Amino acid sequence: LCCECGQVHLLLDNHLYNFQDEVDDELICHICLQPLLQPMDTPCGHTYCFKCLENFMQEYNFCPMDRKKLSFQQCHKSSLLVRNLLDKLIVFCPFKAECQQTMQRCELEAHLQNRCPGFQKYKSELQRKKNPISKGKEDPPPKGETNTPKDPEVPSGGSSLVAESSAAAVVSLGTAEPGLVNPAFEETEEGESLIQRTSLVAETTTIEIHREDPEEELGMRIVGGKDTPLGNIVVQEVLRDSVVAADGRIAPGDHILEVNGVNISSVTHCQAVSFLRHPGPVLHLMVLQEKGFSNKNSQQDSASATNREVIHVTLVKRDRSEPLGIKLIRKTDEAGIFILDLLEGGLAAKNGKLSRNDRVLSINGQDLRQGTPEAAAQIIQTTESRVNFVILRQSGVQLSDPVEDSSTSNSSSSSNGGSPVHHRRRLDQNHYRRKSNYQKGYVSHEKTVAIKKEPKESLGITIGGGRDNKNKLPIYVTSVQPIGCLFRDGRIKRGDVLLSINGIDLTHLNYYEAVSALKSNAASHSVILKALEIVTLNSPEPSLDIKEQGFGWSPLWITWLGLPSYLHCCQDIVLSKGNLESWGFSIVGGFEESKGNQPFFIKTIVPGTPAFRDRKLKCGDEIVAVNGVPAIGMSNSELIPMLKEQRNKVTLTVVSWPGSLV
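Heads up: the sequence shown begins at 1 in UniProt numbering, then just goes up one per residue.
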């Protein structure tokens, strides 16, 4: 819980308050639809919360209300009068069970810290969690351990992919795994004169994650589970500036096999989320990581690995524009990005922890093992403050002078503001509806809610999603506030997908269009909302709300699979490759007589391949069509040859749902 407002929200999001009275519309932020916090005025006369406007301006360059051109630097704090009016709004204490007091908004933090019995009780319980009873191991971690709850459904045996010894196990995925056909690996017909690719190699690694705050989220999104065709739990995304990103060892595509010694390779998606969200100062993870194709140089690489060490370095910028003073290049004989030089007097040189010839493995959790200097420079330049490097250092090796080619030498540059930034190109999106009947464990049903209300009474909901979202989600309810007519009515719930309001279709709108439509229609005496509720079918899982305490709320990945197909928004991803390359991804799913039609999901993306370099395809994405040919109803044996027939270019039509946040 946030110690300032006493409620659950993401660190970067606004504080949440329960207001006693309806707040005047002039004091409402038109981005979050909540009373303004740290209000900022725009030159065009609109006012927004500081954080709302800052987040919006990172993606857009116009005012959300009138779409006039705008930059964040042009905005300024609202007048002292406006700020005082907002601070004096009356709020309830969030600990209603133990405390029924009301106070001005500006007084809530002091009330929680000094007078609220409910918050004192919460802090006492949190303190007990931080200092659990020792389990009596020989070498306990210095920060203590927490007991992990054992799920009765979790098998006691280890995963078939995990070696019983503690050393990292190297496994070959070249042979067919049940239910997995791997188009990433394809033997070439030509004599392998360039690189002798023999098998796909992966390693199991044990990773220890330390958290100063045991309740802090890890900062990654996961997909999969035994109740989906993916089977394993797979990391879909690592969020910037998160605990996992700062550690730098977990990357998208990694398979999580164990959490604190508990095997999760055969648990449901919800069970895996519960294990990964369990609080504690130290988290032990065993992960399976793709290492790419083995080749004739692999023995040399492993021999030299003893002279290498992985080092974590954090540089703190005073503002986004401050340069780090690092020159980055690519080599002709080795993949990845290397530090050519540290500029004298620069932030990196003053820090003293980076060196010439260090190989950059990741920056802020973004995997750069096969990356470019331009990609690294873009990550650095868009980072507000902390830049977390994970680098590989090898002793006794001098930097080779030539770079890959002259054009690379000119563009590979530095993070000092002069390097070119290659923005991600936008493809023409092809959105169409398709047939699918996959709703494993979840089903959706439509409901119509008609409400009579006062004209000035608000709906009292917050929303998420929108077709401008990177996953192109439908509009869904993120919270129902204790003020407003929908809370009183009780039929609209958190997680409901909003279809229409007073006959206006919301399913194709972006976030800001949906906010405007809801706001304008809420002013009438009666409101008719059509919504879609996604519910579990005979699920033994406990309430998801319980699992999500301490986390900013968003739907679980698996619940999106229950949406009807007309709400799916497809996008085209075009991959290109050379004659000797493989596409670089594996798939699961398809038609089976025993299971019927199942979607095709991306299960793995192999480092160093076209799918990996393109960076648009993600684990957990559903393949809807290949080169315009629908995949529904196909089996593995039908789709794989179609993919292999495409020599140099393929268009994949996919549906991408955001993974569950842990």
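Just so you know, even glycine gets a beta-carbon here, dropped at the ideal spot from N, CA and C.
Owing to the predicted nature of the structure, the values given are computational and were not obtained by experimental measurement.
query: Is the Cβ-Cβ distance between residue 533 and residue 489 less than 8 angstroms?
result: In the sequence shown, residue 533 corresponds to position 533, counting from 1. In the sequence shown, residue 489 corresponds to position 489, counting from 1. Not in contact: residue 533 and residue 489 (Cβ atoms no closer than 8 angstroms).
- prompt: Among residues of its own chain, excluding the 5 on either side of residue 2, which ones have a beta-carbon nearer than 7 angstroms to its beta-carbon?
  reply: In the sequence shown, residue 2 corresponds to position 2, counting from 1. Here the set comprises 9, 15.
message: The beta strand (DSSP E) that contains residue 95, what's its start and end?
response: The sequence position of residue 95 within the sequence shown is 95, counting from 1. Here residue 95 belongs to no beta strand (DSSP E), and DSSP marks it neither H nor E.
task: Please specify which runs of the beta strand (DSSP E), each continuous and at least 3 residues long, are wholly inside the UniProt domain "RING-type" (29-67), giving them in chain order.
output: 39-41, 47-49
Per DSSP, cross-strand counterpart(s) of residue 535: Your numbering for residue 535 matches position 535 in the sequence shown. According to DSSP, which records beta bridges pairwise, residue 535 is partnered with 443.
field: Burial state of residue 12 (16 or more Cβ within 10 Å)
entry: Numbered from 1 along the sequence shown, position 12 holds the residue referred to as residue 12. Exposed.
- prompt: Going by C-alpha distance, which of 369, 526, 486, 501 is nearest residue 334?
  reply: In the sequence shown, the residue the question calls residue 334 occupies position 334. Ranking the options by Cα distance to residue 334, first place goes to 369.
query: From residue 444 to residue 563, what does the alpha carbon distance come to, in whole angstroms?
result: Here the question's residue 444 lines up with position 444 in the sequence shown. Here the question's residue 563 lines up with position 563 in the sequence shown. C-alpha separation (whole angstroms): 6 angstroms.
- prompt: For the candidate residues 360, 456, 286, 315, whose alpha-carbon lies nearest to that of residue 336?
  reply: Position 336 of the sequence shown, counted from the start, is the residue given in the question as residue 336. The residue with the shortest Cα to Cα distance from residue 336 is 360.
query: Per DSSP, residue 585 forms a beta bridge with which residues?
result: Position 585 of the sequence shown, counted from the start, is the residue given in the question as residue 585. DSSP output for residue 585 lists 605 as bridge partner(s).
query: Within 10 angstroms of its Cβ, does residue 242 collect 16 or more other Cβ (buried), or is it exposed?
result: Counted from its first residue, the sequence shown places residue 242 at position 242. Its Cβ being crowded by 16 or more others within 10 Å, residue 242 is buried.
- prompt: Between 245, 238, 217, 249, which lies nearest to residue 203 when the distance is taken from Cα to Cα?
  reply: Sequence index remark: in the sequence shown, residue 203 carries index 203 (1-based). Taking only the C-alpha atoms, the option nearest residue 203 is 249.
For residue 276 and residue 222, believed in contact at Cβ under 8 angstroms, the rounded distance: The residue given as residue 222 occupies position 222 in the sequence shown. The residue given as residue 276 occupies position 276 in the sequence shown. Right, the Cβ-Cβ distance comes to about 7 angstroms (below 8 angstroms), so this counts as a contact.
message: I need the straight-line Cα distance from residue 207 to residue 604, nearest angstrom please.
response: In the sequence shown, the residue the question calls residue 207 occupies position 207. In the sequence shown, the residue the question calls residue 604 occupies position 604. Their Cα atoms are separated by approximately 20 angstroms.
message: Counting C-beta neighbours from all protein chains within 10 Å, is the total for residue 104 16 or more, i.e. buried, or is it exposed?
response: For this step, residue 104 is matched to residue 104 along the sequence shown. Exposed, because fewer than 16 other Cβ atoms sit within 10 Å of the Cβ of residue 104.
- request: Check whether the Cβ atoms of residue 267 and residue 226 lie closer than 8 angstroms to each other.
  value: Indexing the sequence shown from 1 puts residue 267 at position 267. Indexing the sequence shown from 1 puts residue 226 at position 226. Yes, they are a contact pair.
- prompt: Whose CA, out of 114, 88, 380, 346, lies closest to the CA of residue 362?
  reply: Here residue 362 corresponds to residue number 362 of the sequence shown, with the count starting at 1. For the residues 114, 88, 380, 346, the minimum Cα distance to residue 362 belongs to 380.
message: Taking only three categories from DSSP, how would you classify residue 650?
response: For this step, residue 650 is matched to residue 650 along the sequence shown. It is a strand residue.
Residue 585 to residue 606 span [Cα, whole Å]: For this step, residue 585 is matched to residue 585 along the sequence shown. For this step, residue 606 is matched to residue 606 along the sequence shown. Each residue's Cα considered, the two are about 6 angstroms apart.
- request: Count the other CB atoms, across all protein chains shown, that sit within 10 Å of the CB of residue 43; report buried if there are 16 or more and exposed otherwise.
  value: Position 43 of the sequence shown, counted from the start, is the residue given in the question as residue 43. So residue 43 ends up on the exposed side.
- prompt: From 54, 593, 94, 65, pick the residue whose C-alpha is nearest to that of residue 77; which is it?
  reply: As a first step, residue 77 must be located in the sequence shown, where it is residue number 77. Of the candidates 54, 593, 94, 65, the one whose C-alpha sits nearest the C-alpha of residue 77 is 54.
- request: Evaluate the contact criterion for the segment 46-62 versus the segment 88-104: three or more CB pairs, one atom per stretch, below 8 angstroms.
  value: no
field: residue 572 beta carbon less than 8 angstroms from that of residue 651
entry: Here residue 651 refers to the residue found at position 651 when the sequence shown is read from its first residue. Here residue 572 refers to the residue found at position 572 when the sequence shown is read from its first residue. Yes. Within cutoff.
Segment limits, beta strand (DSSP E) that includes residue 8: On the sequence shown, residue 8 is found 8 positions in, with the first residue counted as 1. Careful: residue 8 lies outside any beta strand (DSSP E) and carries neither H nor E.
- prompt: Cα separation between residue 599 and residue 608?
  reply: Sequence index remark: in the sequence shown, residue 599 carries index 599 (1-based). Sequence index remark: in the sequence shown, residue 608 carries index 608 (1-based). About 26 angstroms.
message: Please tell me whether residue 589 and residue 229 are closer than 8 angstroms, where the distance is taken between their beta carbons.
response: On the sequence shown, residue 589 is found 589 positions in, with the first residue counted as 1. On the sequence shown, residue 229 is found 229 positions in, with the first residue counted as 1. Yes; because the gap between Cβ atoms is below 8 angstroms, this pair is in contact.
task: Kindly list the residues whose CB is nearer than 7 angstroms to the CB of residue 594, restricted to its own chain and excluding five residues on each side of it in sequence; keep chain order.
output: Along the sequence shown, read from residue 1 onward, the residue named residue 594 stands at position 594. None.
message: Taking a contact to mean a Cβ-Cβ separation below 8 angstroms, would you say residue 626 touches residue 617 in this structure?
response: The count along the sequence shown starts at 1 and reaches residue 626 at position 626. The count along the sequence shown starts at 1 and reaches residue 617 at position 617. No, Cβ-Cβ distance for residue 626 and residue 617 is not below 8 angstroms.
Environment of residue 367 [buried if 16+ CB atoms lie within 10 Å]: Position 367 of the sequence shown, counted from the start, is the residue given in the question as residue 367. It is buried - the Cβ of residue 367 has at least 16 other Cβ atoms within 10 Å.
message: Considering only the alpha carbon of each residue, which of 215, 493, 322 lies closest to residue 125?
response: Here the question's residue 125 lines up with position 125 in the sequence shown. With distances taken between Cα atoms, residue 125 lies closest to 215.
Cut-off 6 angstroms between Cβ atoms - residues of its own chain near residue 246, not counting five sequence neighbours on either side: Within the sequence shown, residue 246 is the residue found at index 246, counting from 1. 388.
Element boundaries [alpha helix (DSSP H), containing residue 559]: If you number the sequence shown from 1, residue 559 lands on position 559. Counting along the chain, the alpha helix (DSSP H) containing residue 559 begins and ends at 557-560.
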